[in-house]
Amino acid sequence: FLVGVFNPDDYAGIRSSSYYKKLGDEYATPLVKRFLDGEQAHNFAVKAVHYAGVRDGEKMGYHETDKALETKIYRKSDKNKEGKPLVLRNCVGLAAGFDKHGESIVPLLAAGFGFVEVGSITPLPQDGNAKPRVFRLEEDEGVINRYGFNSVGGRVGKANIINGLMERERKMKELEVDVGTLGINLGKNKLSAVAAADYLTGIQNFSQSSMPNQRTGEYIVINVSSPNTPGLRGLQEKGKLESLLRVCVDGVKKYNGKEEPPLLFVKIAPDLTEAELKDVATVVVKSGVDGVIVSNTTNSRPDSLLSQNKGESGGLSGKPVKALSTSVIKAMYRHTGGTVPIIGVGGISSAEDAYEKIQAGAVAVQLYSSLTYRGLGVVCDIKQGLKELLRADGYTNIGEAVGKKN
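Using full-length UniProt numbering, the letters of the sequence shown map in sequence onto residues 1 to 406.
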């Protein structure tokens, strides 16, 4: 990962260059693992991306819009798909959790992501859970975290995002290209008694009406699925979810312009039963939200785990959750009849992993944990591999493959 940060002129060559691969695998990665724990390495990487990740945008991933991987997501209200959709320049995004505070939006887009999701951001600042709270499962290429929504809060988060949006605007004008899409993931404060009030505060804070020039993120995510905030996953219960999403949908309409308000997604857990998934699907279809992100980390622990850290509490991500998240994508696609766009997350470290989720029903994918083990070069690897897989199956665009193996 750090090799990708400090060689910003050629992200695409990181994995293909034996020199950089050797430098990363034999020197940078062992040094980071030896001297920094999981959270320290994470924080260092975010800062490194922020300070070293953008030097010459002309040579980065901004211009890498590829029609084969371009993805369009229409609003739920646009039943005939006649309006302006959310266009992702490519279908590979960065999941929430890496850039928690919105500090490195444009540098991360420069790495070749089609979209970057920041957060989770809570209304008030909070420290999260006690440290240590991040654990590498190296033998399994997984991570366990119990961060607990550590957040700088809405005020600082908003300032960071405004800076990121301004930088993105400058790059778009300078390079005359689509720099990429921004999503904002919202969480609730641990001690808040009324969850809906927190999410509504977040929606208002990041709305067009409260941002300079009425520019905000292209989509907002209601995160009701982190396992590290007490009671949060209970919001996925049918009645509670129905009530919460009604408030959030109304809030987006109230605080944003009529023409192009941000889209609204909800992020769910992979640990739901089949009956619970049916309930969530029913609510999602009726609520008016524009999409669902599947899935967050899991509380389960596969018997195959080898790492000595497997007993740590918290949410498990990375390779060990791949099959579980894909099964939930298939279920949600089935239960919604393919009418609600799904963004697939969980265990993606190759083009084959991403393609599996797309064929299960996802219109786009996100990754995060694989950066820990494979670096930023994995982004370009996945995109190139996806194009090859599409060609092999006779498709010209990623949308043609969605749900084909459900």
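Virtual Cβ for every residue (Gly too), placed ideally from N, Cα, C. It should be emphasised that the depicted structure is a prediction, and the values quoted were computed from it without experimental measurement.
{"Query": "The stretch 165–178 in contact with the stretch 228–246 per 3-pair CB rule at 8 angstroms", "Result": "no"}
{"Query": "Residue burial classification, Val266 (beta-carbon count within 10 angstroms, cutoff 16)", "Result": "buried"}
{"Query": "Among Arg136, Ser120, Ala110, nearest to Ser307 - alpha-carbon criterion", "Result": "Arg136"}
{"Query": "Spatial distance of Gly38 from Ser300 (CA atoms)", "Result": "20 angstroms"}
{"Query": "Val87 to Ala362 span [Cα, whole Å]", "Result": "15 angstroms"}
{"Query": "Thr122 versus Asn309: straight-line alpha-carbon distance, rounded", "Result": "28 angstroms"}
{"Query": "Three-pair Cβ contact test at 8 angstroms for the stretch 281–288 versus the stretch 104–120", "Result": "no"}
{"Query": "Same chain, Cβ closer than 8 angstroms to Gly315, five either side skipped, listed in chain order", "Result": "Ile144, Asn145, Arg146, Ser226, Pro227, Asn228, Asn296, Thr297, Thr298, Asn299"}
{"Query": "Gly394 classed as buried or exposed, judged by whether at least 16 other C-beta atoms fall within 10 angstroms", "Result": "exposed"}
{"Query": "First and last residue of the uninterrupted alpha helix (DSSP H) at Ser327", "Result": "322–335"}
{"Query": "Asn397 (DSSP reduced to helix, strand or coil)", "Result": "coil"}
{"Query": "Ile184 vs Ile162 beta-carbon contact at 8 angstroms", "Result": "no"}
{"Query": "Bridge-paired residues (DSSP) for Ser350", "Result": "Paired residues: none, contrary to the question."}
{"Query": "Exposure of Asn150, with buried meaning 16 or more beta-carbon neighbours within 10 Å", "Result": "buried"}
{"Query": "Minimum C-alpha distance to Gly164 - residue among Val224, Ser207, Gly102, Val134", "Result": "Gly102"}
{"Query": "For Lys72, the three-state DSSP class (helix, strand or coil)", "Result": "strand"}
{"Query": "Contact under 8 angstroms by Cβ, Ser120 with Ala96", "Result": "yes"}
{"Query": "Gln208 versus Ile342, Gly385, Lys253, residue with shortest Cα-Cα distance", "Result": "Lys253"}
{"Query": "Closest by C-alpha distance to Leu376, when choosing among Phe206, Val340, Phe113", "Result": "Phe113"}
{"Query": "Buried versus exposed call for Val294 [16 or more other C-beta atoms within 10 Å across all chains shown]", "Result": "buried"}
{"Query": "Rounded C-alpha distance that separates Val328 from Leu235", "Result": "18 angstroms"}
{"Query": "Inter-residue spacing [alpha-carbon to alpha-carbon] between Asp198 and Leu182", "Result": "21 angstroms"}
{"Query": "Pairwise C-alpha distance: Val179 and Arg55", "Result": "For Arg55, the predicted structure reports a pLDDT of 46, less than 50, and the residue's modelled location is therefore unreliable. The matter cannot be settled from this model."}
{"Query": "Reduced DSSP category for Phe115 - H, G, I as helix; E, B as strand; rest coil", "Result": "strand"}
{"Query": "Selected residue, minimal CA-CA separation from Ala159, among Gln359, Ser210, Tyr368", "Result": "Ser210"}
{"Query": "Endpoints, alpha helix (DSSP H) assigned at Arg374", "Result": "369–374"}
{"Query": "Contact set for Pro85: own chain, Cβ-Cβ below 7 angstroms, skip 5 residues either direction", "Result": "Lys72, Ile73, Tyr74"}
{"Query": "Length of the line joining the Cα atoms of Lys387 and Ala364", "Result": "14 angstroms"}
{"Query": "Classification of Pro341 by the beta-carbon crowding that lies within 10 angstroms, buried from 16 upward", "Result": "buried"}
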